[in-house]
Structure formats: C-alpha cells, structure tokens
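Numbering (the numbering used here), first residue to last: 36 to 383. Cβ coordinates follow ideal geometry from the N, Cα and C atoms, glycine included. All remarks here apply to the structure that follows.
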Ligand code: GLY
C-alpha cells in the first residue's frame, strides 16, 4: 500500500492499494473517533461494494446508508434536501462519520453535504472510479449542479482521509476507465515527463498502482501550495477550457469529462504550436497517448464557438482567460490572454 500526505490546512492521508475497502475501519482507527457511520453511495456501487464496506466496521456502530441514482443528475438540490433530512431524522451529529462510496458525483455531493450539515461533519472519501481516485476525491473541492450550470455551488472541505482501492477499477466499463485516463495523461503533460512515458505501460496492474500514486502525489503537491484555487491550482485545468466547451457544445451527453479533456489538451496544444508558444510535435505526442488509451482526439467545435463559450467560462476573472500551455511534455505555464489576444490565439 502507498500512502500520500496531503499537507493542506487540515492535513490528511491518501491510501492507495488493493483490498482496502474491507479494511476501512482499521485504516481510519488512528485518524478519527466516530460513533455512527452514514455511507452515501449510488445504485451501481451499492451492489458492488456497500456490504463489504459495512462489514469492515465494528458491530457496535450503527451504519446507515443512503443511495442516489447513478449519474450526474444526482448532484442536485433535491438530493441535498433528501440527504440533509435523512441525517437529521437519524440524529446524526458531529460525532459521527459520513463516507462517500462511489465516483466523482457521489464524492462531490457527499463532500458538500458533509461541509454544510451542522456546519461540518467529518467525512471519508472512498473513490471507486479512476477519475475520482486521481482527481476529484483529493483536494477538498465539493460541488452540486444547479439548472444554470455544473458545479456552480460548492465549498472547499477536506476529508479526514481518502482510500483508493484499485480493485474497484476492475469493474469499470472501458469507457469509464478511459474517462479517468484523460486526467491521468493531463498529469504527465503538466508535471512529469516520466509519468507520461510510464502511461504507455498502463495495462500492467503494478504499473497502474504506480501511476495512480504518482497522479495523486502531483495533485497533493499542487493543492498544498494553493488549497483555495487562487493561482497554481489552475494548472490542473490543462485541457479543461476547451474540454468544457466541447462538453457544453455536445450538451454534456456525447463525451465524458475525461474524453473532452483529451480533446481539449490536444487542441489547445495544436493552437499553442501555431502561436509559437509550444514546441512543434508536442500535440502529436499527446494525441498518440490518448489514442492508445481509447480517448477521442479530434475537436469538432469551430474556433469561433470555442471563443464564445470560453469567454463566458466561470473561471475567467476581469475578462482574462487563463490558458494552461505546455513548455514541453512535463512542464506547463499559465498564459493570461484578454479577449482580443485569445481571438488571435484561435486564429480568428
Ligand atoms: N479538479 C481540479 C482541482 O481539484 O482543482
């Protein structure tokens, strides 16, 4: 088992390894005291891992569980009210522990519930998808969606620990696994050329554990320097500005987040090569790796539409677009462009 320290304002550890869910209670024994446990999960993960997780806790604990429907729609206000009410009806207090068992949707929703119910209850993340293991479960971002947009309401609230059981990845469909690979490739691009090379051997399970551990270490390093997302943390958004526009253009239906990020990383790097801000050939290297990982590589959104969508992105401040560009594979920088410069960048 690998252990990564996340040294934010309330430090915690991320555990990565096999057969961890069945040892959950042992693993958190020295980390926190708690009376009752509330597990929040979805209807797919429930059938696979809920019993194993429940059995890991001592018999004197009351274990409650709340199941939402699998999918992005679960990150909604209706579920917030339903879960807050469930917690109150079962007399859950700050002495208890909330556990997120599932992918990014369950993690984001549970984190937000934990940060708001009684102004904050301890919570544990047990991410069960590749994307949530390498990205969303670490760093304390919580969120729900409202009709006006995804993740528009949320908080920063760190878990007491994150348990990444890589056995859970064996039950993922190829599409959901490659969704996570979009984010994995991102870490190689922005931070670590050796990781980028290692990803070519992803099919080997020992290599997979090494890759996941490295991605989480990178995320931890970045988040420790910018917990509240005011500067450096932006580099984790490489490929996301265009990726988000691709998702939006396709009404969030045709592409998963990781697929859209893959398209975004390649497209922004191609544009940056034309703009002489990235060495020629870099986008081809990313494209080849994305192809190997069964990720889409072609951007079908016209540049003028990209311009319009990117200019209204909630991450822009004072009409400045922060683009994450590559100096080379493994090294990135933040390029600030105003709207007219961004037009030039897009060759419009
Ligand atoms: N997913 C990007 C971040 O946590 O900042």
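I'd like to confirm the pairing. Which residues does DSSP put opposite residue i in its beta bridges?
| i | result |
| --- | --- |
| residue 77 | 103 |
| residue 173 | In DSSP, residue 173 forms no bridge with anything. |
| residue 366 | 363 |
| residue 221 | Its beta-bridge partners do not exist; DSSP assigns none. |
| residue 347 | None; residue 347 has no bridge partner. |
| residue 136 | 161 |
| residue 303 | None, per the DSSP bridge assignment. |
| residue 98 | 72 |
Can you name, in chain order, every residue of its own chain whose Cβ lies under 7 Å from the Cβ of residue i, other than the five neighbours on each side?
| i | result |
| --- | --- |
| residue 283 | 344 |
| residue 109 | 77, 103, 140 and 144 |
| residue 354 | 373 and 374 |
| residue 60 | 91, 92 and 93 |
| residue 203 | 84 and 163 |
| residue 118 | 75, 101 and 148 |
| residue 382 | 309 and 338 |
| residue 206 | 83 |
Considering only heavy atoms of ligand 1, does any lie closer than 7 Å to the CB of residue i?
| i | result |
| --- | --- |
| residue 171 | yes |
| residue 217 | no |
| residue 352 | no |
| residue 243 | no |
| residue 271 | yes |
| residue 239 | no |
| residue 264 | yes |
| residue 176 | yes |
| residue 268 | yes |
Could you check what DSSP says for residue i in three-state terms: helix, strand or coil?
| i | result |
| --- | --- |
| residue 282 | helix |
| residue 336 | coil |
| residue 41 | strand |
| residue 160 | strand |
| residue 47 | strand |
| residue 263 | coil |
| residue 141 | helix |
| residue 199 | strand |
| residue 89 | helix |
| residue 356 | strand |
| residue 371 | strand |
| residue 71 | coil |
| residue 186 | strand |
| residue 293 | helix |
| residue 382 | coil |
| residue 52 | strand |
| residue 181 | strand |
| residue 116 | helix |
| residue 287 | coil |
| residue 191 | strand |
| residue 244 | helix |
| residue 238 | coil |
| residue 214 | helix |
| residue 273 | coil |
| residue 129 | coil |
| residue 146 | helix |
| residue 208 | coil |
| residue 36 | coil |
| residue 328 | coil |
Return no unless some Cβ of chain C is closer than 8 Å to the Cβ of residue i.
| i | result |
| --- | --- |
| residue 40 | The structure shown contains no chain C; it holds only a single protein chain. |
Apart from the five residues just before and just after residue i, which ones in its own chain have a Cβ nearer than 6 Å to its Cβ?
| i | result |
| --- | --- |
| residue 227 | 365 |
| residue 192 | 146, 150, 175 and 177 |
| residue 167 | 138, 139 and 142 |
| residue 260 | 267 |
| residue 45 | 193 |
| residue 153 | 129 |
Mind checking whether the beta-carbon of residue i lies closer than 7 Å to any heavy atom of ligand 2?
| i | result |
| --- | --- |
| residue 83 | As presented, the structure is devoid of ligand 2, carrying ligand 1 as its sole ligands. |
Within a Cβ cutoff of 8 Å, which residues of the same chain sit near residue i, ignoring the five residues on either side of it in sequence?
| i | result |
| --- | --- |
| residue 184 | 349 |
| residue 326 | 332 |
| residue 367 | 224, 225, 226, 270, 273, 359, 360 and 361 |
| residue 222 | 169, 230, 249, 250, 253 and 254 |
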